[in-house]
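As numbered in the working numbering, residues 15 to 299 make up the sequence shown, in order. The beta carbon of each residue, even a glycine, is placed where N, CA and C say it ideally should be. Written below as structure tokens is the structure these notes are about.
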Amino acid sequence: MQRQSLLLTLPNMPYFCFPESVGHYYDDPEHSVSREAGALNNFNVHYVVSGRGHVELDGIVHELRAGEAVLYFPLQKQRYYSSYEEPWSIRWFHFYGGSGLRDYLLEQGLHKSSLWMLRQSGAWVQMHEELLQEAEAHRMLRPVQLSTLAYTLLTIFVEQAVVLNRDKTASSGDRIMGLLPLMQQEATKPFVLEDWADRLGVTPYYFCKLFRNATKMTPMDFITRSRLQAAKQWLLERRKDNIGQIAEEAGYPSVSYFNKRFMEHEGMTPTAYRKLYDVHGHGRP
């Protein structure tokens with residue numbers, strides 16, 4: 015079965031990102047694509063929802079399973095096809111943009127590999143379906159919506175994608191993601207790396223490696239973000255409390271260090287942030 019919508023390529027690109035085509039193939043064991051280098055001048059992502067298939071890169075055949083994807087840059091040689099035994103359900107979209115699009119993908123490290131795994135695919139699949147429905151229903155009549163949905167789909171991919179590596183990192187990555195709600199809940203308590211590593215049954219060094227692979231940040235980066243998020247909320251909700259009290263409850267006994275970290279993330283002091291949202295004395299943003 016095939017659902018696909020092919021869209022007009024805009025000659026003067028006013029958008030950062032725009033879809034050239036979008037589709038969903040499933041129950042099609044004959045699905046097979048072969049493009050020579052230079053044949054296609056846009057980016058494209060093919061994500062496996064279920065089943066499996068194969069991608070050929072530099073003469074090597076790689077199997078793609080559910081939760082995994084291939085990302086091609088413009089003009090790249092492409093060869094991929096479904097498994098006959100377990101035909102894949104694959105969602106794909108081709109996209110292009112202004113000069114900043116390639117720079118953005120390079121800055122995010124998307125050139126490091128063609129094969130990726132999405133840590134949590136639900137949001138990506140849902141957004142892909144919204145883009146496909148928009149293209150099917152309205153074609154090019156609502157280009158702003160097409161661009162917005164394509165950009166959202168791309169940023170979800172960037173945020174969720176990790177280089178495909180079928181070792182213990184994948185399953186451990188799921189365990190790291192499972193720890194995040196608890197780490198956020200306990201962020202204002204003293205952070206002891208060894209204790210969190212013990213919960214996963216790994217060394218602190220390996221915990222940090224797994225954490226960076228799963229979240230693209232260090233454990234302390236995550237704790238800092240969680241603490242500052244709580245502090246921002248309290249600064250507006252508890253206006254009678256002084257900065258020192260909020261700093262301490264957010265996990266920063268030193269007000270000067272709290273101010274420094276807050277300034278690094280928000281570009282202003284906690285006091286300035288509180289004043290910024292002091293609307294007519296009601297303290298509501």
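- The secondary-structure analysis by DSSP pairs His108 across a beta bridge with Ser35, Asn58.
- Only residues of its own chain outside the window of five on either side were considered, and among them Ile260 have a CB closer than 8 angstroms to the CB of Arg252, listed in chain order.
- CA-to-CA, the gap between Tyr39 and Gly65 works out to about 11 angstroms.
- As the crow flies, the alpha-carbon of Leu124 is around 10 angstroms from that of Arg116.
- When the five nearest sequence neighbours on each side are left out, the beta carbons in the same chain lying within less than 7 angstroms of the beta carbon of Thr285 are those of Ile257, in order along the chain.
- Taken through DSSP and simplified to helix, strand or coil, His68 comes out as strand.
- Assigned with DSSP and collapsed to three states, His45 falls in coil, not helix or strand.
- Look at the beta carbons and you see the region 193-205 not touching the region 151-171: under three pairs across the two are nearer than 8 angstroms.
- Here Trp102 carries a coil assignment [DSSP, helix/strand/coil].
- Straight through space, the alpha carbons of Ser128 and Ala245 are spaced by roughly 40 angstroms.
- For Ser113, the enclosing alpha helix (DSSP H) starts and ends at 113-121.
- Counting along the chain, the unbroken beta strand (DSSP E) around Tyr94 starts and ends at 92-96.
- One Cα belongs to Pro101, the other to Met27, and the distance between them is close to 36 angstroms.
- Rounded to the nearest whole angstrom, the C-alpha separation of Ser113 and Leu290 is 36 angstroms.
- Taken through DSSP and simplified to helix, strand or coil, Arg153 comes out as coil.
- Nearest Cα to Asn56 within the set Leu89, Phe236, Lys274: Leu89.
- The DSSP-derived three-state label of Tyr86 is strand.
- At a Cβ-Cβ threshold of 8 angstroms, Ile104 and Val63 count as neighbours.
- The C-alpha of Arg153 lies about 9 angstroms from the C-alpha of Leu22.
- For Ile74, the pairing in a beta bridge is given by DSSP as Leu71.
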